[in-house]
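Oh and the sequence shown: position 424 is 425 in this note's numbering, straight run, nothing missing.
Ideal Cβ placement from N, Cα and C applies to all residues, glycine included.
Note that the coordinates shown come from a computational prediction; the quantities given were computed from them, not determined experimentally.
Report on the structure given below.
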Amino acid sequence: MAREERDPTSAVLTSLEPGQRIPFGGDRVAVVPDELARDFRAGDRLIVVQSTGDLLRVPAEVSVRVGRVVDEAAGAFSALSELDDEAISAFYEEFARRLEDDRVFGPISEANRSDVDDARRRGRSTTRLELSEKMRLDMVSSLRMWRDVDIGRDRPVDEVRHETWRVEERRSPLGVVGFVFEGRPNVFADATGVLRTGNTVVFRIGSDALGTARAIMEHAVRPSLAASGLPTGSVGFIDEADRAAGYSLFSDVRLGLAVARGSGAAVELLGAVARQSGVPASLHGTGGAWIMVRDSVSSERLRSQIEASLDRKVCNTANVVVCIPGSSVRDVVAAADAAARRRGHESAIVHVRAGDRPTNDLVDGDSRWVTHDDEDFLAVEWEWDDRPELSVISVVDLDEAIELFDRWSPRFVVAILSDEEADLEHVYRSTEAPFVGDGFTRWVDGQYALGRPELGLSNWQNGRLFGRGGILSGDGVFAVRHVARHSDPSQRR
2 MAREERDPTS
12 AVLTSLEPGQ
22 RIPFGGDRVA
32 VVPDELARDF
42 RAGDRLIVVQ
52 STGDLLRVPA
62 EVSVRVGRVV
72 DEAAGAFSAL
82 SELDDEAISA
92 FYEEFARRLE
102 DDRVFGPISE
112 ANRSDVDDAR
122 RRGRSTTRLE
132 LSEKMRLDMV
142 SSLRMWRDVD
152 IGRDRPVDEV
162 RHETWRVEER
172 RSPLGVVGFV
182 FEGRPNVFAD
192 ATGVLRTGNT
202 VVFRIGSDAL
212 GTARAIMEHA
222 VRPSLAASGL
232 PTGSVGFIDE
242 ADRAAGYSLF
252 SDVRLGLAVA
262 RGSGAAVELL
272 GAVARQSGVP
282 ASLHGTGGAW
292 IMVRDSVSSE
302 RLRSQIEASL
312 DRKVCNTANV
322 VVCIPGSSVR
332 DVVAAADAAA
342 RRRGHESAIV
352 HVRAGDRPTN
362 DLVDGDSRWV
372 THDDEDFLAV
382 EWEWDDRPEL
392 SVISVVDLDE
402 AIELFDRWSP
412 RFVVAILSDE
422 EADLEHVYRS
432 TEAPFVGDGF
442 TRWVDGQYAL
452 GRPELGLSNW
462 QNGRLFGRGG
472 ILSGDGVFAV
482 RHVARHSDPS
492 QRR
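Below, the structure written as structure tokens:
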């Protein structure tokens with residue numbers, strides 16, 4: 002490792018050696034692999050993830066490009082405070098109108114088709130990537146929700162009056178919000194919600210959707226910013242396929258908040274980079290809903306709720322079904338098969354624990370069944386496009402179901418299908434989950450459930466969230482400031 006010798010307090014890392022030992026976490030050591038040592042150049046940054054020992058290289062040119070986008074967003078944040086709320090409302094209407102216009106949406110749709118075709122050729126999932134007509138309409142609806150919502154910026158929320166002075170508590174914009182997400186075009190509409198409360202946003206999208214993102218920026222976002230008079234940097238886009246762009250963004254201390262959406266491992270890594278850099282993080286990764294089924298629930302209700310929870314693969318899709326004695330595993334499988342047929346397949350893929358698989362009237366070798374010797378398969382979130390896939394397990398009682406949920410689940414969504422009201426309350430009090438219900442699991446969505454477009458959904462895998470729920474929305478991105486007003490110039494403590 003070459004170092005500047007003149008001033009040890011300003012030593013700069015300029016190279017790495019294969020096998021070089023890098024301390025992390027206070028008492029552990031990571032070893033530099035050959036590829037990293039070969040690629041590292043003077044000017045590059047090395048991020049050592051203190052929780053895992055991951056060694057992340059950020060090329061110098063990537064740092065520069067990301068820094069420029071954040072520069073613009075920081076400048077736009079200051080400029081935005083001088084504009085009125087009507088200008089922000091105009092941006093949302095303009096953005097929505099452009100997405101509705103077939104002439105504008107044409108090149109966006111074409112770019113998305115190209116991204117989808119390319120992803121399929123590479124064997125990638127396209128469930129969240131395809132910009133369908135429904136997704137388009139949902140984006141328009143989200144934008145108009147933000148146009149009409151009565152939130153405003155920098156509003157007083159409380160006041161404490163003293164004899165000769167008073168203190169005003171105000172909800173104030175937070176700053177620049179960094180946003181990294183995988184191939185989900187609809188997130189553009191959701192995440193611009195942070196502008197409603199006076200923040201600016203910087204996006205980085207996964208390489209699968211890069212063409213779609215470029216088209217949305219070119220044909221909808223930038224023209225809408227210009228038409229409404231908002232600063233260009235209010236919505237920044239990092240046009241960079243290298244994952245290092247995400248690491249560079251989330252380690253930028255100018256961010257007021259770092260938001261990540263995507264697969265569990267990638268989101269956890271991004272969150273670790275943000276936290277050790279002193280940047281607050283809101284992570285929206287691993288999902289996978291659990292459904293507990295009591296014997297009291299009717300076959301008709303069970304089948305309906307299971308099927309409705311498997312209509313498509315997203316984070317709040319049913320992933321594990323726990324059957325309590327008397328409830329029908331066969332009905333669960335029948336519902337999953339019905340969901341599969343809706344998507345053009347004869348049957349779902351069902352993962353079961355050895356000994357749990359029902360055998361009556363089922364043919365050995367049925368391709369739907371995957372048997373596991375241990376319970377750890379309950380921790381897997383099954384990824385599927387068209388053929389639904391889920392785990393089914395039988396337990397002794399509701400308490401065992403709750404114990405399994407808290408041990409193996411991502412602590413995200415849990416439903417209890419039962420005719421006993423007390424069961425819902427028991428599950429609510431006994432599980433670690435921000436979302437608890439007594440029906441289908443796909444209700445967990447900010448726009449569907451609360452009428453507020455969401456930035457993402459958080460689980461409680463790493464503990465309960467301080468001061469907020471699992472739904473992060475644009476109106477939840479704020480700081481609290483205090484203003485004192487004095488009428489007695491002689492006041493002192």
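Pairwise C-alpha distance: Val-117 and Phe-92: By one-based count along the sequence shown, residue 92 stands at place 91. By one-based count along the sequence shown, residue 117 stands at place 116. Near 28 Å, if we compare the C-alpha coordinates of Val-117 and Phe-92.
Ala-245, enclosing alpha helix (DSSP H) - first and last residue: In the sequence shown, residue 245 corresponds to position 244, counting from 1. Here the alpha helix (DSSP H) through Ala-245 covers 245 to 251.
Buried or exposed by the 16-neighbour rule on C-beta atoms within 10 Å, applied to Glu-83: Residue mapping note: residue 83 aligns to position 82 of the sequence shown, counting from 1. Exposed, by the Cβ-count rule.
Residue environment, Trp-385, which counts as buried when at least 16 other CB atoms sit within 10 Å: To locate residue 385, count along the sequence shown from 1; it is residue 384. Buried, since its Cβ has 16 or more Cβ neighbours within 10 Å.
is_contact[Val-393, chain C] using C-beta, thresh 8 Å: Among the chains of the structure shown, chain C does not appear; only one protein chain is present.
His-427 and Leu-399 closer than 8 Å at C-beta: Mapped onto the sequence shown, residue 427 falls at position 426. Mapped onto the sequence shown, residue 399 falls at position 398. A contact, by the Cβ cut-off of 8 Å.
Contained beta strand (DSSP E) runs [length at least 3] in the region 264 to 292, N- to C-terminal order: 282 to 285
Nearest candidate by alpha-carbon position, reference Ser-410, set Val-195, Cys-316, Glu-36: Here residue 410 refers to the residue found at position 409 when the sequence shown is read from its first residue. Comparing Cα-Cα distances from Ser-410 to each of Val-195, Cys-316, Glu-36, the minimum goes to Cys-316.
Val-481, buried or exposed, once every other Cβ within 10 Å from all chains shown has been counted against 16: Position 480 of the sequence shown, counting from 1, holds the residue named residue 481. Flag for Val-481 reads exposed.
Burial state of Ser-142 (16 or more Cβ within 10 Å): Here residue 142 corresponds to residue number 141 of the sequence shown, with the count starting at 1. Under a 10 Å Cβ-count criterion, Ser-142 is classified as exposed, with fewer than 16 other Cβ atoms of the shown protein chains found around its own Cβ.
CA-to-CA distance, Leu-132 to Ser-110, given in whole angstroms: As a working mapping, residue 110 is identified with position 109 in the sequence shown. As a working mapping, residue 132 is identified with position 131 in the sequence shown. Taking the straight line joining both Cα atoms gives about 7 Å.
Between the CA atoms of Ser-395 and Asn-361 - distance to the nearest angstrom: By one-based count along the sequence shown, residue 361 stands at place 360. By one-based count along the sequence shown, residue 395 stands at place 394. Low local confidence applies: a pLDDT of 46 at Asn-361 is under 50, so the model's placement there is unreliable, with the coordinate-based value given in what follows. Taking the straight line joining both Cα atoms gives about 16 Å.
Cβ separation of Pro-186 and Asn-113, assumed to be a contact under 8 Å, to the nearest whole Å: For the purposes of this step, residue 186 is taken as the residue at position 185 of the sequence shown. For the purposes of this step, residue 113 is taken as the residue at position 112 of the sequence shown. Correct: roughly 7 Å between the Cβ atoms.
CA-to-CA distance, Ala-43 to Ala-3, given in whole angstroms: Counting from 1 along the sequence shown, the entry for residue 3 is found at position 2. Counting from 1 along the sequence shown, the entry for residue 43 is found at position 42. Residue placement at Ala-3 is poorly supported in this model, since its pLDDT is 46, which falls under 50; the coordinates still yield a value, given next. Using only the alpha carbons, I get a separation of about 9 Å.
Helix, strand or coil at Arg-162 according to DSSP, with G and I counted as helix: In the sequence shown, counting from the first residue as 1, residue 162 sits at position 161. In this structure, Arg-162 counts as strand in the three-state DSSP scheme.
Spatial distance of Val-484 from Pro-174 (CA atoms): Within the sequence shown, the letter at position 483 stands for residue 484. Within the sequence shown, the letter at position 173 stands for residue 174. The straight-line gap from Cα to Cα measures roughly 15 Å.
Beta-bridge partners of Ala-455, as assigned by DSSP: Counted from its first residue, the sequence shown places residue 455 at position 454. Rather than Ala, the amino acid found at residue 455 in this sequence is Glu. Glu-455 is bridged to Ser-474.
His-352 classed as buried or exposed, judged by whether at least 16 other C-beta atoms fall within 10 angstroms: Here residue 352 is taken as the residue at index 351 of the sequence shown, counted from 1. Answer is buried; the Cβ neighbour count reaches 16.
Inter-stretch contact (C-beta, 8 Å, three-pair minimum) for the region 207 to 223 and the region 465 to 474: no
Backbone secondary structure at Ile-217 - three-state DSSP: The residue given as residue 217 occupies position 216 in the sequence shown. Here Ile-217 sits in helix by DSSP.
Cβ pair count under 8 Å reaching 3, the region 272 to 288 against the region 86 to 100: no
Reduced DSSP secondary structure (H/G/I, E/B, other) of Leu-256: Along the sequence shown, read from residue 1 onward, the residue named residue 256 stands at position 255. Residue state, collapsed to three classes: strand.
Short Cβ contact (8 Å threshold) for His-220 with Pro-108: Your numbering for residue 220 matches position 219 in the sequence shown. Your numbering for residue 108 matches position 107 in the sequence shown. In contact: His-220 and Pro-108 (Cβ atoms closer than 8 Å).
Spatial distance of Ala-97 from Met-140 (CA atoms): Within the sequence shown, numbered from 1, the residue matching residue 97 stands at position 96. Within the sequence shown, numbered from 1, the residue matching residue 140 stands at position 139. In this structure, the straight-line span from the alpha carbon of Ala-97 to that of Met-140 is close to 8 Å.
Ser-79, DSSP secondary structure in three states: Position 78 of the sequence shown, counted from the start, is the residue given in the question as residue 79. Reduced to three states, the DSSP call for Ser-79 is helix.
CB of Leu-303 within 8 Å of CB of Pro-389, strictly: Indexing the sequence shown from 1 puts residue 303 at position 302. Indexing the sequence shown from 1 puts residue 389 at position 388. Cβ atoms of Leu-303 and Pro-389: not closer than 8 Å.
Under the three-state DSSP convention, the category Thr-193 falls into: For this step, residue 193 is matched to residue 192 along the sequence shown. Three-state result, Thr-193: helix.
Cross-strand partners of Glu-94 (DSSP beta bridge): For the purposes of this step, residue 94 is identified with residue 93 of the sequence shown, where counting begins at 1. Answer is none; Glu-94 lacks a bridge partner.
Rounded C-alpha distance that separates Arg-313 from Asp-377: Residue numbering aside, residue 313 sits at position 312 when the sequence shown is read from its first letter. Residue numbering aside, residue 377 sits at position 376 when the sequence shown is read from its first letter. Roughly 24 Å separates the two Cα atoms.
Cβ neighbours of Leu-391 in the same chain (closer than 8 Å, five flanking residues each side left out): The sequence position of residue 391 within the sequence shown is 390, counting from 1. For Leu-391, where only same-chain residues beyond five positions count, the Cβ hits under 8 Å are Leu-311, Ala-319, Asn-320, Val-321, Val-322, Ala-337, Ala-349, Ile-350, Val-351, His-352, Trp-383.
DSSP state of Gly-207 mapped onto helix, strand, coil: Counted from its first residue, the sequence shown places residue 207 at position 206. Correct three-state label for Gly-207: coil.
Spatially closest choice to Leu-456 from Ser-419, Ser-79, Glu-36, Phe-204, by CA coordinates: As a first step, residue 456 is located in the sequence shown; it is residue number 455 there, counting from the start. Of Ser-419, Ser-79, Glu-36, Phe-204, the smallest CA-CA separation from Leu-456 is found for Phe-204.
Residue from Met-293, Val-67, Pro-490, Arg-145 with nearest C-alpha to Pro-326: Counted from its first residue, the sequence shown places residue 326 at position 325. Measuring from the Cα of Pro-326, the nearest candidate turns out to be Met-293.
Exposure label - Arg-295; buried when at least 16 CB within 10 Å: For the purposes of this step, residue 295 is taken as the residue at position 294 of the sequence shown. Buried: at least 16 other Cβ atoms inside 10 Å.
Same chain, Cβ closer than 8 Å to Thr-165, five either side skipped, listed in chain order: Working through the sequence shown from its first residue, we reach residue 165 at position 164. Taken in chain order, the residues that qualify are His-487, Ser-488, Asp-489, Gln-492.
Gly-199 beta carbon less than 8 Å from that of Asp-155: Working through the sequence shown from its first residue, we reach residue 155 at position 154. Working through the sequence shown from its first residue, we reach residue 199 at position 198. Going by C-beta atoms, Asp-155 is nearer than 8 Å to Gly-199.
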